[in-house]
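**Q**
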Amino acid sequence: MEKEYDLVKQEAKISFNDDSLYLEKFMENPRHVEIQVLADEHGNCVHLGERDCSVQRRNQKVLEETPSGILDDKTRRKMGEVAVNAVKEIGYTNAGTIEFLVDKNKDFYFMEMNTRVQVEHPVTEMVTGIDIIKEQIKIASGEPLSFKQKDINFTGHSLEVRINAEDPDKNFMPCPGTITDLHLPGGNGVRIDTAIYPGYKIPPTYDSMIAKIIVHGKDRNESIAKMNSSIAELVVDGIKTNTDFILKILEDKDFKNNNYDTSFISKKFGKKSH
């Protein structure tokens with residue numbers, strides 16, 4: 003290790019005329035868990051629980067869920083307190099997300115803060131019943147939060163998947179084109195966020211995500227079952243999508259058993275997922 007350290011210092015000196023180095027903590031099998039926060043300009047701040055975003059491809063989230071299967075009540079409470087205290091310390095107002103990496107011992111480490119509403123916010127809305135966008139608008143209007151931390155209740159389990167116009171069989175190559183036919187799933191505890199319609203032309207110049215499917219169930223098993231049936235009901239003709247790939251994730255034994263981390267997709271599905 004000492005030899006490699008000296009070698010890197012030399013390389014840095016040659017490349018940048020500066021041999022300063024910093025070391026990052028190595029984390030084995032980490033989970034990516036984030037805490038949703040809301041803070042107003044009157045000093046009020048709450049968290050809305052966590053989202054587990056560990057199912058990723060190329061560091062892009064594919065599936066998100068809440069609650070996280072890796073957290074116990076003590077760790078969950080501590081992460082929420084740390085997130086709220088951080089937001090208060092910097093005087094932040096708005097909706098935001100504090101993102102952490104959590105190791106197998108349930109020790110957690112700050113990664114970054116997202117100062118915006120994130121794609122996966124609906125799973126939080128599903129388990130809390132709180133409209134995050136509405137609260138964000140009220141905060142921007144100068145209104146105080148209408149609830150305290152003790153007023154927030156968490157019910158059931160929620161999953162979200164991102165439906166992308168891409169071809170998993172061709173290294174997830176984007177698939178722009180025209181949607182010729184469309185049928186969106188529905189039912190109790192099923193939410194669809196999308197703007198697509200039959201005849202919609204998907205351009206090649208933007209992110210390939212075309213829809214989100216969000217489900218809510220009494221527990222994780224029910225959420226997975228609802229997501230499976232929702233994807234089976236979904237019809238998007240005229241383009242390729244990643245729906246079959248998502249079904250493979252949902253049907254995977256390790257995913258069902260909550261035995262996964264940020265390397266799950268690359269380990270399970272090999273080179274095509276990179």
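According to this note's numbering, the sequence shown is numbered sequentially starting from 3.
Idealized CB from N, CA, C, for every residue including glycine.
None of the values given here were measured: they were computed from a predicted structure.
Just the C-alpha distance for Ile16 and Asp54, rounded to the nearest angstrom, thanks.
**A** Whole-angstrom Cα-Cα distance: 41 Å.
**Q** For Asn260, which residues does DSSP report across the bridge?
**A** Its beta-bridge partners do not exist; DSSP assigns none.
**Q** My assumption, with CB atoms under 8 Å, is that His218 sits in contact with Met128. Please give the rounded CB distance.
**A** 4 Å
**Q** What does the alpha-carbon distance come out to for the pair Ser148 and Asn155?
**A** 14 Å
**Q** Can you give me the Cβ contacts of Gly71 inside the same chain, cut-off strictly under 8 Å, excluding the 5 residues immediately before and after it?
**A** Asp54, Arg222, Asn260
**Q** Which residues mark the beginning and the end of the alpha helix (DSSP H) in which Tyr7 is found?
**A** 4-18
**Q** Pick out whichever of Thr68, Ser210, His44 has its Cα sitting closest to the Cα of Gly158.
**A** Thr68
**Q** Taking Cβ to Cβ, would you say Leu40 is nearer than 9 Å to Ile135?
**A** no
**Q** At 3 residues or longer, and completely inside the stretch 70-118: list those beta strand (DSSP E) runs for me, N to C.
**A** The beta strand (DSSP E) runs lying completely inside the stretch 70-118 and spanning 3 residues or more are 96-104, 110-116, given in chain order.
**Q** Please state whether the Cβ-Cβ distance between Phe102 and Val35 is less than 9 Å.
**A** yes
**Q** According to DSSP, simplified to helix, strand and coil, what is Ala197?
**A** coil
**Q** Got a sec? Which residues, its chain only, sit under 8 Å from Thr245 by beta carbon, not counting five neighbours each side?
**A** Ile165, Ile233, Leu236, Val238
**Q** Give the DSSP-derived three-state secondary structure of Glu235 in the structure shown.
**A** helix
**Q** Relative to the C-alpha of Ile226, which candidate in Cys177, Ile241, Val163 has its C-alpha closest?
**A** Val163
**Q** Looking only at DSSP bridge pairs, what is Gly179 linked to?
**A** Note: Gly179 sits in a beta bridge opposite Ile204.
**Q** Quick one: any contact between the stretch 208-218 and the stretch 179-195, if contact means 3 or more CB pairs under 8 Å?
**A** Taking 8 Å as the limit for Cβ pairs, the verdict is that the stretch 179-195 does touch the stretch 208-218.
**Q** Would you mind reading off the limits of the beta strand (DSSP E) that contains Ala213?
**A** 211-219
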